[in-house]
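In this text, residue positions in the sequence shown follow my numbering: the first is 1, and each later residue adds one.
All residues carry an ideal CB built from backbone N, CA and C; glycine is no exception.
To keep things clear, I will list the structure first and then write my remarks on it.
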Amino acid sequence: MAAMMPGLRPSRHHPVDLRQFIRDVPDFPKPGILFRDISQLLRDPRGWSEVMQQLGDVCERLQPDLIVGIESRGFIVGTPLATQQKIGFVPVRKPGKLPGEVTGVDYTLEYGSDRLEIQTDALADGSRVLLVDDLLATGGTAAASVELIQKAGGKLVGCGFVIELADLAGRRRLPEGLPIESLIRYD
1 MAAMMPGLRP
11 SRHHPVDLRQ
21 FIRDVPDFPK
31 PGILFRDISQ
41 LLRDPRGWSE
51 VMQQLGDVCE
61 RLQPDLIVGI
71 ESRGFIVGTP
81 LATQQKIGFV
91 PVRKPGKLPG
101 EVTGVDYTLE
111 YGSDRLEIQT
121 DALADGSRVL
131 LVDDLLATGG
141 TAAASVELIQ
151 KAGGKLVGCG
161 FVIELADLAG
171 RRRLPEGLPI
181 ESLIRYD
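Shown next, in the form of structure tokens:
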């Protein structure tokens, strides 16, 4: 078997080097930022199937009742994963995007503050939740989502990310001992 890149764990079904589908875009969205673009991964059925297989393996291990995805690329990852696993999907959104009663969490970013919301009754039954997103960077949005899940009554069983920018240490902002799976890790 060919050697895989560091940070990748081959799927037992279709080992594919997912890094080949990630495009580096320098100076986006502002100078000095190297953006890791998943657009090519989304366009390739073989690559995207591998993402779903590997995250499906995480689901088999952690046994969530629901997938929670963070706006907006977490929807792209979470909805097909939930469908594949035959479980429900719950969105975490920016303010004013969800109907009905919502539970919210305010959090700080490097450049200001933001807020995330979830429908108040979405996790009220204590569902086991896997939180997913495309990217773990500084961890602020993921940490706020973890807090929101807990505040809404969900039991967080783990987090799954397509990409992790390890040098930004976002993992440190998540609960210690929580299973965190990243399919591609940039150190």
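Nearest candidate by alpha-carbon position, reference residue i, set the options
{"i": "L174", "options": "A122, F75 and Q150", "result": "Q150"}
{"i": "G32", "options": "D24, S39 and V92", "result": "D24"}
{"i": "A169", "options": "G69, P99 and L135", "result": "L135"}
{"i": "F161", "options": "Q54, R172 and Q20", "result": "Q54"}
{"i": "I76", "options": "P95, L131, A143 and A144", "result": "L131"}
{"i": "G139", "options": "I180, L123 and E117", "result": "I180"}
{"i": "K94", "options": "Q20, E71, T79 and D57", "result": "E71"}
DSSP bridge partner residues for residue i (one or two, in chain order)
{"i": "I33", "result": "According to DSSP, I33 bridges with nothing at all."}
{"i": "R185", "result": "E164"}
{"i": "E117", "result": "R93 and G104"}
{"i": "D24", "result": "R36"}
Exposure label - residue i; buried when at least 16 CB within 10 Å
{"i": "T83", "result": "exposed"}
{"i": "L8", "result": "Only weak support is given to the placement of L8: the predicted model assigns it a pLDDT of 39, under 50, and the value that follows is read from those uncertain coordinates. Looking at its Cβ environment, which holds 16 or more other Cβ atoms inside 10 Å, L8 is buried."}
{"i": "L156", "result": "buried"}
{"i": "F35", "result": "exposed"}
{"i": "Q85", "result": "buried"}
{"i": "Q20", "result": "exposed"}
Supposed contact pair residue j and residue i - C-beta distance, whole angstroms, cut 8 Å
{"i": "D196", "j": "R73", "result": "Nothing can be reported for residue 196: it is not among the residues displayed for the chain, which extend from 1 to 187."}
{"i": "E101", "j": "T120", "result": "4 Å"}
Flag this pair as touching only if the segment 40-53 and the segment 100-112 have three or more C-beta atom pairs under 8 Å; answer yes or no.
no
Three CB pairs or more closer than 8 Å across the segment 58-67 and the segment 122-136
yes
Are the segment 86-105 and the segment 38-45 touching by the rule of at least three beta carbon pairs closer than 8 Å?
no
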